[in-house]
Every structure is written in C-alpha cells, then in structure tokens.
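Data block below; observations after.
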Amino acid sequence: MAASDHHTSAARAHTGRMVSQIIRPGHLTAHQTATVLGVSLDGVRQLVRRGQLTRSGGSPRQPWFKVQDVAALDAKRRTRAAT
C-alpha cells in the first residue's frame, strides 16, 4: 500500500466518508462549511440555492466555499438570531 493510499484509507475510516486531500488555502469544504454554520449538508445546498452562499471552486459534487464568505454569513446569522 502506498503512503497516499494509507492516508486516504485512514481519513475514510475515521469519518466514514472520503475527505478531500487538496483544497485551496482560504477555502472550506461543504462538510466544513456545514459544521461552521451549524447546518446539515442539505442546509448548505439550500443556502447556495437561495443565493446566501456562493461556491468558489471544487466540483459540483464537492464544492468549496471561501472562508471569509462563510464567516460573514455565520456572523450575519448569529446577529439575526440574537435580535
């Protein structure tokens, strides 16, 4: 088994899903975005559909989102929830 195969297998075994190994700095995966926002993956998809969050790379099945966009949306949602 090659070293890269070992890391991929370890990531899959730990989380139960394949983890993207290569992502541009300053970006989050959909799973990371969901965690930050406290929503499900479907919630992330809904935010994209409503125009509240924009994909910035990745692929159609594994989109990436800019960290600053996710942080801004998180702050906006927290402010709205506090009022």
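Using our numbering, you'd call the opening residue of the sequence shown number 519 and step up by one each time. Glycine included, each C-beta is placed from N, C-alpha and C at the ideal position.
Do you know how far the Cα of D560 is from the Cα of A589?
Spanning the two alpha carbons is a distance of roughly 19 Å.
Over the uninterrupted beta strand (DSSP E) stretch that includes L555, give me the two end residues.
Not the beta strand (DSSP E): L555 falls in the alpha helix (DSSP H), residues 548-555.
Can the beta-carbon of G575 be found less than 8 Å from the beta-carbon of R542?
Remark: C-beta atoms of G575 and R542 approach each other more closely than 8 Å.
How about H549 and K584: do their beta carbons lie closer than 8 Å?
No.
For the alpha helix (DSSP H) that L571 lies in, which residues bound it at each end?
Counted as a single uninterrupted DSSP element, the stretch harbouring L571 is not any alpha helix (DSSP H), since DSSP gives it neither H nor E.
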